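Shown next, in structure tokens, is the structure this report addresses.
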Amino acid sequence: MATDQLEQQPRQVVAFSEATYILGHTTALENISLEINEGEFVGIIGPNGSGKTTILRAILGLILPRNGNLQIFDCACENLRCHHRARIGYLPQKGKIDRNFPITVLETVIMGRYGVRGLFHRSGKEDIAIALASLEAVGMREFQHHPFGQLSGGQQQRILIARALAQQPQVLLLDEPTTGIDTTTQHTVLELIRRLHRELNLTILLVTHDINLISPLVDQLVLLNTRLFAHGHPQDVLHYDILSQVYGDEIVVTENGYVIGGDSHHG
Ligand code: ADP
Ligand code: MG
Numbered sequence: 011m012a013t014d015q016l017e018q019q020p021r022q023v024v025a026f027s028e029a030t031y032i033l034g035h036t037t038a039l040e041n042i043s044l045e046i047n048e049g050e051f052v053g054i055i056g057p058n059g060s061g062k063t064t065i066l067r068a069i070l071g072l073i074l075p076r077n078g079n080l081q082i083f084d085c086a087c088e089n090l091r092c093h094h095r096a097r098i099g100y101l102p103q104k105g106k107i108d109r110n111f112p113i114t115v116l117e118t119v120i121m122g123r124y125g126v127r128g129l130f131h132r133s134g135k136e137d138i139a140i141a142l143a144s145l146e147a148v149g150m151r152e153f154q155h156h157p158f159g160q161l162s163g164g165q166q167q168r169i170l171i172a173r174a175l176a177q178q179p180q181v182l183l184l185d186e187p188t189t190g191i192d193t194t195t196q197h198t199v200l201e202l203i204r205r206l207h208r209e210l211n212l213t214i215l216l217v218t219h220d221i222n223l224i225s226p227l228v229d230q231l232v233l234l235n236t237r238l239f240a241h242g243h244p245q246d247v248l249h250y251d252i253l254s255q256v257y258g259d260e261i262v263v264t265e266n267g268y269v270i271g272g273d274s275h276h277g
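Per our numbering, residue 11 is the first one in the sequence shown, and the count goes up by one each step.
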């Protein structure tokens with residue numbers, strides 16, 4: 011039946027159409043066309059300043075395209091309302107939030123409810139229950155009374171993922187969740203994200219420099235270089251001739267695959 015066929019169509023969550031974003035005097039993203047369906051796990055890679063954070067901020071509705079357009083859920087981005095925004099969870103890039111702010115783990119996670127409830131709504135029992143369930147989901151419930159600033163980098167990332175989950179989002183945007191933590195913890199954090207993706211049927215966009223770690227997990231890779239340089243299944247994007255055009259000498263082939271060399275990429 012026609013209705014059955016309709017239901018089987020994956021729903022589009024994000025659709026950029028020839029969108030250009032200008033920040034100050036910089037063209038941060040140029041002529042981006044990209045569609046992401048519900049439930050997809052998308053990895054976003056690209057060198058420093060290639061527009062990775064900008065594409066997440068665009069999806070959050072924080073910046074508007076100069077040209078072209080962006081549709082989020084069923085809504086043009088310039089009309090994005092609070093209830094749409096509340097369906098998108100966000101883990102900002104490290105250094106964009108003050109991690110020494112004197113606040114407990116539970117208080118940090120409850121902040122995820124503000125976008126849903128409004129800033130001046132007093133947190134109620136339901137908010138606390140949801141925050142605790144989010145902490146449970148990332149395996150950090152027993153840390154609820156700890157000062158956030160005293161946790162390790164990996165633990166903080168898990169708490170910030172819990173904060174995004176407390177919004178009960180449909181879409182999760184993660185900006186370099188594995189940068190600046192040790193390799194073992196990177197694996198733990200990515201395994202957590204992979205599990206949450208499956209269990210909560212989230213649509214995930216994850217920005218990373220760790221191409222090899224992320225490739226087995228994602229449905230598609232987006233390689234940005236202000237323009238959308240390449241896009242598709244990791245197998246179709248991860249080729250030396252494609253990567254070297256964007257990363258130049260920084261791209262190194264190891265026995266485990268491609269690694270971005272140098273220290274300058276953690277931007
Ligand atoms: P990435 O996350 O890939 O490192 P960004 O999306 O943060 O890159 O930035 C893309 C480009 O836009 C860079 O050239 C950056 O310098 C510029 N940019 C980012 N934010 C601003 C801003 N608020 N004002 C002016 N230029 C900006
Ligand atoms: Mg960035």
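Virtual Cβ for every residue (Gly too), placed ideally from N, Cα, C.
Please read these numbers as outputs of a predicted model, since none were measured by experiment.
- Within the stretch 92–162, the runs of alpha helix (DSSP H) that reach at least 4 residues and sit entirely inside it are, in chain order, 92–95, 115–120, 124–127 and 135–147.
- In the three-state scheme derived from DSSP, where H, G and I count as helix and E and B as strand, L248 is classed as coil.
- Residues Y31, L33, T64 and R67 of the same chain have their beta carbon placed closer than 8 Å to that of I73, with the five preceding and five following residues left out of the count.
- Look at G267 here: in three-state DSSP terms it is strand.
- Not one heavy atom of the ligand MG falls within 7 Å of the beta-carbon of D108.
- Of L231, E50 and F26, the smallest CA-CA separation from G78 is found for F26.
- C-alpha of T193 to C-alpha of G59: approximately 24 Å in a straight line.
- Under a 10 Å Cβ-count criterion, A141 is classified as buried, with 16 or more other Cβ atoms of the shown protein chains found around its own Cβ.
- In the pairwise beta carbon analysis, the stretch 200–208 is classified as not touching the stretch 75–93: fewer than three pairs are separated by under 8 Å.
- Taking 8 Å as the cut-off, the Cβ atoms of D229 and E50 count as close.
- With a threshold of 16 other beta carbon atoms within 10 Å, K135 falls short and is exposed.
- With 16 or more other Cβ atoms inside 10 Å of its own Cβ, V24 counts as buried.
- The beta carbon of G56 sits closer than 7 Å to at least one heavy atom of the ligand ADP.
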